[in-house]
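Chains as they are written, first to last, in the working numbering: chain P, 77 to 301; chain C, 4 to 293.
C-beta atoms are modelled at their ideal positions from N, C-alpha and C, and glycine is treated no differently.
Since the structure is predicted, the reported quantities are computational estimates derived from the model, not experimental observations.
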């Protein structure tokens with residue numbers, strides 16, 4: 077734990093889990109889509125559904141999708157901000173079963189047609205976890221640059237990815253592998269110590285057997301809201 | 004991160020390096036960051052605490068409508084000379100109430116250790132600085148003291164209402180503020196830890212029972228109590244009064260009590276005040292769906 081997690085963060089209230097954590101989830105979803113968001117469908121589960129309105133969780137998620145940080149004083153006005161920026165959104169409740177009580181499912185569509193479906197949870201103290209991407213189980217915090225590769229469950233794809241990372245001098249902090257079934261869809265989640273170059277991600281996308289590449293960059297965005 | 008206040012006391016006594024500096028050095032090593040950068044961040048945190056007080060807006064209401072405007076009411080009462088608590092405690096009460104109300108009304112605050120307890124450390128620190136004209140640098144040092152206490156509580160027990168009830172939030176915040184205040188009044192590591200112990204002991208067992216599950220009732224007013232409790236604990240300490248139970252053991256007692264709390268009184272908005280007839284009525288009268 078960081079000292080600035082104990083005295084801090086500087087944030088818009090009222091709740092680190094239901095407000096600041098929700099902003100972070102929105103932020104990470106925006107970065108993972110890698111496109112300006114055209115529309116978002118937001119589904120709140122559990123405590124997010126029960127107390128989200130009172131905690132401003134709805135405004136916080138939308139603010140995060142627009143690129144606001146947790147201390148952005150425009151968070152309470154994010155719905156108006158979304159209207160001005162042409163972001164359409166719809167918020168509803170959902171039952172995600174055994175999911176963490178502070179969970180949200182978000183379906184995003186970008187202006188270029190990119191789509192992304194995410195389930196994330198705010199796990200306390202403003203920390204978050206991404207639990208599902210496009211229906212596939214994953215588990216990462218968004219604290220590292222994270223590469224998510226969806227591929228066919230065939231030999232060689234892990235080597236394709238890891239040798240590219242080695243070639244680019246990117247060190248792997250943690251790596252997880254999941255698959256739906258033998259020979260079906262698989263996903264690898266790689267948390268890195270360095271940023272993965274953009275052209276390397278493009279190169280990966282064109283490899284045979286690679287279905288989709290999603291990347292969470294922690295580098296500062298060029299355009300701010 | 005330190006796991007015992009006893010370690011900090013021993014190190015201060017053997018090395019002569021003050022409590023706050025030990026905490027800073029330890030964190031800088033862990034985060035691989037320079038002491039200079041860390042100190043600048045802490046000064047920014049302190050300035051943000053001040054803004055969270057100064058930007059109070061009496062016209063705002065929280066989402067439920069249950070919180071808002073009471074800080075201004077207390078200010079009016081204080082300025083009319085009606086308060087018997089004395090200038091210092093009165094001003095700290097007002098600050099704690101205003102900062103905590105601001106949090107409930109979606110204004111910018113500093114979580115210390117949590118958003119729900121953001122008014123405690125900030126109110127005590129801003130209050131004593133105003134009274135004693137203390138430098139910004141010294142205030143940042145006191146924030147390291149508070150953070151060091153919080154760090155030990157986090158590693159031995161917990162800092163969230165969901166894990167250990169309100170004792171873990173307001174109780175920890177009060178312990179952090181008490182230790183910081185003792186440092187600002189000239190106390191050493193032993194005094195800092197003692198004040199933290201006295202403050203936390205008073206709040207052991209406090210349930211987290213927020214009405215409708217929101218950081219509003221009773222959280223906002225408990226910030227006032229946590230701040231005042233920090234002052235009394237620091238005053239006892241400076242007079243030479245000692246906790247009969249050592250500080251680390253008090254933290255362990257909080258952990259034991261928190262573990263035994265039922266889920267209904269750990270931030271679920273089910274039991275305690277939230278479960279009263281009126282508490283349930285407030286919840287049901289709020290529109291909570293989309």
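- The beta carbon of residue 158(P) sits closer than 7 Å to the beta carbons of 138, 142 and 165 from its chain, once the five residues preceding and following it are set aside; these are given in chain order.
- Proximity of residue 48(C) to chain P, defined by a Cβ-Cβ separation below 8 Å, is satisfied.
- Membership of residue 189(P) in any alpha helix (DSSP H) is not indicated, and neither H nor E is assigned to it by DSSP.
- Residues of chain P with a Cβ closer than 9 Å to the Cβ of residue 157(C) are, in chain order, 77, 81 and 82.
- Taking the beta carbon of residue 168(P) as reference, the chain C residues within 8 Å of it are 293, listed in sequence order.
- Excluding sequence positions up to five before and after residue 204(P), its CB lies within less than 8 Å of the CB of 97, 100, 101, 104, 196, 197, 198, 217 and 218, all in the same chain and listed in chain order.
- Under the three-state reduction of DSSP, residue 223(P) is assigned to strand.
- When DSSP assignments are scanned along the segment 123–194 of chain P, the uninterrupted stretches of beta strand (DSSP E) that are 3 or more residues long and fall wholly within it turn out to be 164–169 and 179–186.
- Under the 10 Å beta carbon count, residue 21(C) is surrounded by 16 or more other beta carbons and is classified as buried.
- Between residue 90(P) and residue 109(C), the CB-CB gap stays under 8 Å.
- Within the segment 209–240 of chain C, contact with chain P at the beta-carbon level (separation under 7 Å) is assigned to 215, 216, 217 and 218.
- The C-beta distance from residue 149(C) to residue 183(C) rounds to 4 Å, short enough to meet the 8 Å contact threshold.
- Residue 56(C) carries a helical assignment under DSSP once its states are collapsed to helix, strand and coil.
- Setting aside the 5 residues that flank it on each side, residue 111(P) is surrounded in the same chain by 186, 187, 188 and 190, each with a C-beta closer than 7 Å to its C-beta; the list follows chain order.
- For residue 216(P), the enclosing beta strand (DSSP E) covers residues 212–216.
- Interface flag for residue 111(C) against chain P is set, since a Cβ pair is found closer than 8 Å.
- As computed with DSSP, residue 253(P) is found in a beta bridge with 264(P).
- Residue 291(P) is a Cβ neighbour of residue 223(P), given a cutoff of 8 Å.
- Rounded to whole angstroms, residue 202(C) and residue 214(P) show a C-alpha spacing of 43 Å.
- A straight line joining the alpha-carbon of residue 257(C) with that of residue 172(C) spans about 11 Å.
- At least one C-beta of chain C is nearer than 8 Å to the C-beta of residue 151(P).
- For chain P, the residues of the segment 39–67 of chain C that bring a beta carbon within less than 7 Å of one of its beta carbons are 44, 48, 51, 66 and 67, in chain order.
- Residue 215(C) has its alpha-carbon roughly 7 Å from the corresponding atom of residue 285(C).
- Just measuring C-alpha positions, the residue of 78(C), 66(C), 46(C) and 192(C) sitting nearest residue 59(C) is 78(C).
- By the CB criterion at 8 Å, residue 159(C) and residue 251(C) fall inside the cutoff.
- Contact of residue 184(C) with chain P is not assigned, every C-beta pair being separated by 8 Å or more.
- For residue 119(P), the enclosing beta strand (DSSP E) stretches over residues 113–120.
- In the three-state DSSP reduction, residue 136(C) falls in the coil class, being neither helix nor strand.
- For residue 230(P), there is no enclosing beta strand (DSSP E), as DSSP marks it with neither H nor E.
- Apart from the 5 residues on each side of it in sequence, residue 245(P) sits with its Cβ closer than 8 Å to the Cβ of 270 in its chain, given in chain order.
- A direct Cα-to-Cα measurement between residue 196(C) and residue 230(C) gives close to 17 Å.
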